[in-house]
Amino acid sequence: MHWADAFPNFLIGLREGLEAGLVVSLLLAALRKSERGGELGASAPIWLGVLGAVTVAGSFAAVLTFSTSVLSSRAQEAVGGILSVLAVALVTAMVFWMRRAASSIAGELRERVDVALEIGGGALALTAFLAVGREGLETTLFLWTAVRATGETLSPVVGAALGLVAAVGLCWLLFRQAVRLNLAVFFSRTAILLIVIAAGVLAYGLGELQDAALLPGRAWVAFDLSSRIATDSWWVSLVSGATELAVRMTVLQVVAWLSYLVVVIPMFVRAGHAARPASGTGHGKPVGWFEERWVRLAGRRPWSVAAAVVVVPVTVAAVSIAVLPAASVTSTTAVAVTGSQCAPSWTSGHSGTQTFTVTNTSGRAGEINLDNDQGAIVAEIETLGPATSASMTATLGTGLYTIKCYMSGQPVRTSQPVHVSGTAQTATAAIAAVSTAELEPAASAYRTFVAPKLATLATQVIKIRADLSRSEMASARSDWLAAQLTWEQIGAAYDSFGDLGDQIDGLPQGLRYGVTDHDFTGLHRLEYGLWHGQPGSQLVPIARKLQTNVAALRAQLPKITIDPTDLTIRAHEILEDALRDHLSGMTDQGAGAAYPETYADLQGTRVVLDELAPLITPRDPTLLPAAHTQMNTLQRALLAARVHGTWQTLDATPLAQRQHVDGAIGALLETLSRIPDLLEVPPTH
Amino acid sequence: MTVNRRDFLKGAAAGIAGTALGGGVLLGGARADADNNDTAPAAPARFAFHGAHQAGILTPGPAEKQAFSCFAAFDATAENRAELMALLHTLTDRARALTSGGAAADLGVGQPPADSDVIGPDIPADGLTVTVSFGNSLFDRRYDLIERKPINLTTLEPFPNDAPDPAWLDGDLMLQLCAHHPDTVHHALRDIAKHTRGGMQLRYRMDGFNAPARPTGTSRNLLGFKDGTANPTGTTAESLVWVTDPREPQWARGGSYQVVRIIRMLVEFWDRVSINEQQNMFGRRRDTGAPLDGNNEFDTPNYPADPHGTVIPLDSHIRLANPRTPATANQRLIRRSYNYDRGVDENGNLDAGHVFVAYQQDPHRQFETVQKRLIDEPLVDYVQPFGGGYFFTLPGIQNPNDWYARGLLS
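Chains as they are written, first to last, in our numbering: chain A, 1 to 685; chain B, 1001 to 1410.
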């Protein structure tokens, strides 16, 4: 709620309301003075006419809102621009008309009432309807333009409503003759303010037409202060709200704004000088033949007329809205996170695809979620910095939705639940958030899985060392492969092992002296030696060091925390590593074990998926069945690449078989890559 | 109704003035739109060959760099210093001719034509720049240059997480060729190689391309992020890039240190990473290029306001690379990088990546210091630096009688 944005609409509501109210007051006064004024219910036709006018304005508002929300953004800009210019023309005409008519209107209306009373109640209703309806349409148009220009619904509507309430109150007091108001002075004072506001609306409308490429010059910018001043500061919103001006304006906008003011204000002042001598002498113009004909037609059918003026606009509006396609095209809702509130201005919504632009004025960073009534996430902005805006898009079905703001150092705040209604059939699938606590069982189960694997690895390393010290190189090579595969199977825990992990499984890449570097050690160092003819005696110290490191890791394991959120990422990353490192040949130090290593990684991935299954399945029942099918395909492709049950090197494998493996792992990875997003833990900013 | 003549004239004048104003504003707007729609002001057809510094570093600068490039590393095969000087004379002549444009010499009927005609008989300059740099390995006993080596020139030592491939590392000379079209780059390399055979031999080469702004601002790398947003410009760039250190040999002043890193990007893997993780790795929004604490690409990240990395993670690329503190201000460097895309790897994945090219006064103070901060950044899982090296970019060719490395060799 910005009072600055509400002000111009307050003024419009007050002006238009006062004009309409005065017409109604005068009609009522004329009626009272006539011979039938005292009859019970004599004023009913007037009120029916007013009701009809309000219905027309409301229907017009509904058609504007619904019809333009389904347009493309460019068409919305075009319609918004054209209607803004139209609104300016109407407001300008109204300002001049009131200046001329303020003094003569009373006599004019009295004449009409007399004519109407002769004909019947229907004519009276129609007269009231025509007098008030025009003001209603003007108000609607101006208000709709203001809502578009400010990108916010609440402030302009509240402003206009307050203006109308004030106008009605003032009219009532005037009618009761409780206050006296020099209407000519009031209208001319407020007129100057209105002209300034209308100039801003004109500039805004032309800017929209330029954005829609209906007018040239979008790139010819007169000034752009957006990088120099804080656009969310109070004084900028005050100035831009009260004048409808923006921090970035094109030359056309500036020229139009200045020209309008330079032309219209002097004209208005001169019109005032010209009008004054004539004031008080004005007489109502005769009722036009066209209007008279309608009035006669309406005749003595007050209820039919009343029904027609109420029902017809509503029907027309309903039909127009029904004929238009449902709002399937994105529409934008602007909301804000403030220091104390989360999206307070979001109060209503309709189904279909929409974008929420969230402006953060809270001074803190955080995450914004759009939740459905199950508390599942439909859309999110992961990081929203202080004093920034970002958007999230979702397709909403019918139901209750809530925006949640997780700002750092603050309790989670939520918007009021908003009931979204409409006819859109599809909705974005919502994902239930996962808490760290929910992931904990999977992480601890994984630790339980790792411990015996490390025990096996320790035994296998001892065997390698024994082989090496006996110079039984063939056994050492097969024992090396067994140890390497054991290690591969616990791939989901690598990131938790730190330096020890690198010591056990490090690669020569990135080391200054490559394979001869002193820091090259562990399983791959043994592999290099075993397949490059190095003697057992040279490799024994390396096996001994590996043994020490594995023992150290086993000792540390109870203290190592496996980050539960790592586990969701490793669901696809174990095989990403297999593709990147093994199947590319990058990690090969001579054994050519890419396929058995990938096979072991696949088994490791199966373990992780089994432990995450209770969380994955409720969120997406199709994912795991699809992944299992693809895992089986990969497993078959890997096993098929063996010859007589023996693993082959990459180079020895025919291209067609390699392609089967690469294709199967790629397809599986596309499926598995959804898991980290599916099981995302909301931030603890 | 009678019309007063004065009123009529006033009205007519107002009408004419209004029409002129409206028409002028609309026409001016249409022209501004048309200018804005062009990809940029037309790129210059040629860049000056002579000057205090070589072209292809700040002329044109990183933001306006030519769309296509080639990084060709050569090894010198010249037998001795005299042959090396002859090689550099030839290289100078060819670079001068190619960057100026014009028809090739007519060699008569007694031999094959002088030029390949790959870019037509009247060779266009097409924005070509040739930037010549020497590797550490050139300054050896072959040419008796050990004593004259720039003080900060060393061999690139692989960083942890690199995947170095010796076939793609180092080289005696590095030629950076940039032009507006790929055929011009190809033509220039082919012409230079033809004229320098026997003096130097190609070791490896990587072609690169610079993407147009999508949709605006700095161009994107193949990870989808805008790359080079924070490049220093203007006098700041000048003060960071040219060698001025009095301890450097006299001949090296006005030169620069070039770092080339050929980096494979694992784009399939990258595309399987959540947008949040991607953005946190860079510290910028992928769509706009804005830092995560800002709204626009060129907003300055405010690290003091975010000491714990709540908004821009402490280990994000932009934060580690440029912490924006007074102490790290002189570590900034000029990046003039290109994308590469050259086929398929052995697994059927796209073989694409980035030719990271940086110019600076001192590679230890600048590139190495920055790169050491970046050693274990999360991005390393998705990129594999496998080639390139450190080179010294020679000072400019001053005049038509000057030649590459004259100050070094004579």
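Cβ coordinates follow ideal geometry from the N, Cα and C atoms, glycine included. Fair warning: this is a prediction, and the values are worked out from it, not measured in the lab.
Please confirm whether residue i and residue j have their CB atoms less than 8 Å apart.
i: A/Gly590; j: A/Trp531; result: yes
i: B/Trp1251; j: B/Gly1407; result: yes
i: B/Leu1393; j: B/Ser1256; result: Going by the sequence as given, residue 1393 of chain B is Thr instead of Leu. Cβ atoms of B/Thr1393 and B/Ser1256: closer than 8 Å.
i: A/Arg74; j: A/Ala203; result: no
i: B/Thr1129; j: B/Ala1055; result: yes
i: A/Ala256; j: A/Leu209; result: no
i: A/Gly592; j: B/Glu1346; result: no
i: B/Leu1189; j: B/Gly1387; result: no
i: A/Ser348; j: A/Ala336; result: no
i: A/Ile197; j: A/Leu261; result: no
i: B/Arg1069; j: B/Val1185; result: In the sequence as presented, Arg is not what sits at residue 1069 of chain B; that position holds Ser. Yes, the Cβ-Cβ distance between B/Ser1069 and B/Val1185 is below 8 Å.
i: A/Asp717; j: A/Ser496; result: Here chain A has residues from 1 to 685 only, and residue 717 of chain A is not among them.
i: B/Ser1337; j: B/His1317; result: no
i: A/Gly133; j: A/Val254; result: no
Report the neighbours of residue i on chain A: residues whose CB is nearer than 8 Å to its CB, in chain order.
i: B/Ser1137; result: Under the 8 Å cutoff, chain A gives no residues; its nearest Cβ is about 17 Å from B/Ser1137.
i: B/Val1243; result: Going along chain A, no residue has its Cβ under 8 Å from B/Val1243, so there is no contact; the nearest lies around 27 Å.
Which of the three DSSP states is assigned to residue i in this structure?
i: A/Leu245; result: coil
i: A/Arg189; result: helix
i: A/Gln76; result: helix
i: B/Lys1194; result: helix
i: A/Tyr513; result: coil
i: A/Thr55; result: helix
i: A/Tyr595; result: helix
i: A/Thr414; result: strand
i: B/Thr1364; result: In the sequence on display, residue 1364 of chain B carries His and not Thr. Three-state result, B/His1364: helix.
i: A/Ala30; result: helix
i: B/Lys1065; result: coil
i: B/Gln1278; result: helix
i: B/Leu1314; result: coil
List the DSSP bridge partners of residue i.
i: A/Leu396; result: A/Gly352
i: A/Asn369; result: A/Glu380, A/Lys404
i: B/Arg1342; result: Partner(s): none; B/Arg1342 has no beta bridge.
i: A/His419; result: A/Leu400
i: A/Val335; result: A/Val358
i: B/Val1130; result: B/Leu1177
i: A/Arg554; result: Per DSSP, none; premise fails for A/Arg554.
i: A/Cys171; result: None; A/Cys171 has no bridge partner.
i: B/Gln1258; result: B/Tyr1359, B/Phe1391
i: B/Pro1291; result: B/Arg1284
Give the interface partners of residue i over in chain B, defined as CB-CB distance under 9 Å, in chain order.
i: A/Met631; result: Those do not exist, as A/Met631 stays about 16 Å from chain B at its closest Cβ, beyond 9 Å.
i: A/Met688; result: Residue 688 of chain A lies beyond the range of chain A shown here (1 to 685); nothing can be said about it.
i: A/Arg512; result: Glu1157, Pro1158
Is residue i close to chain C? Criterion is C-beta to C-beta, closer than 8 Å.
i: B/Phe1356; result: Note that chain C does not occur in the displayed structure, where the protein chains are A and B.
Could you tell me which chain B residues have their CB closer than 7 Å to the CB of residue i, listed as they occur along the chain?
i: A/Asp677; result: Ser1274
i: A/His572; result: Arg1272
i: A/Pro216; result: Leu1026, Gly1029, Ala1030, Asp1033
i: A/Val255; result: Leu1021, Val1025
i: A/Leu261; result: Those within 7 Å of A/Leu261 in chain B number zero; the least Cβ separation is about 14 Å.
i: A/Val251; result: Val1025, Gly1028, Gly1029
i: A/Leu408; result: The sequence as given places Ser at residue 408 of chain A; Leu does not occur at that position. Within chain B, the residues near A/Ser408 are Thr1310.
Going along chain A in order, which residues have a C-beta closer than 7 Å to the C-beta of residue i?
i: B/Val1311; result: Ala365, Thr383, Gly385
i: B/Asn1347; result: Leu579, Leu583, Ser584, Asp662
i: B/Asn1295; result: Thr388, Ser389
Please indicate yes or no: does the CB of residue i lie closer than 7 Å to some heavy atom of the ligand ATP?
i: A/Leu530; result: Because no ligand of any kind appears in the structure shown, any question about the ligand ATP cannot be addressed here.
Check the Cβ of residue i against every Cβ in chain A and list those closer than 9 Å, keeping chain order.
i: B/Asp1376; result: Result: empty, since nearest Cβ-Cβ is about 11 Å, beyond 9 Å.
What residues of chain B sit near residue i, judged by a beta carbon separation below 8 Å?
i: A/Glu670; result: Arg1272
Please list, in chain order, the residues of the stretch 1004-1029 of chain B that have any C-beta partner in chain A closer than 7 Å.
Leu1021, Val1025, Leu1026, Gly1028, Gly1029
Give, in chain order, every residue of the stretch 1225-1241 of chain B whose Cβ lies closer than 7 Å to some Cβ of chain A.
none
Using a Cβ-Cβ cut-off of less than 7 Å, list which residues of the stretch 633-665 of chain A approach chain B; keep chain order.
Gln659, Asp662
Name the residues in the stretch 469-494 of chain A whose C-beta lies less than 8 Å from a C-beta of chain B; which are they?
none
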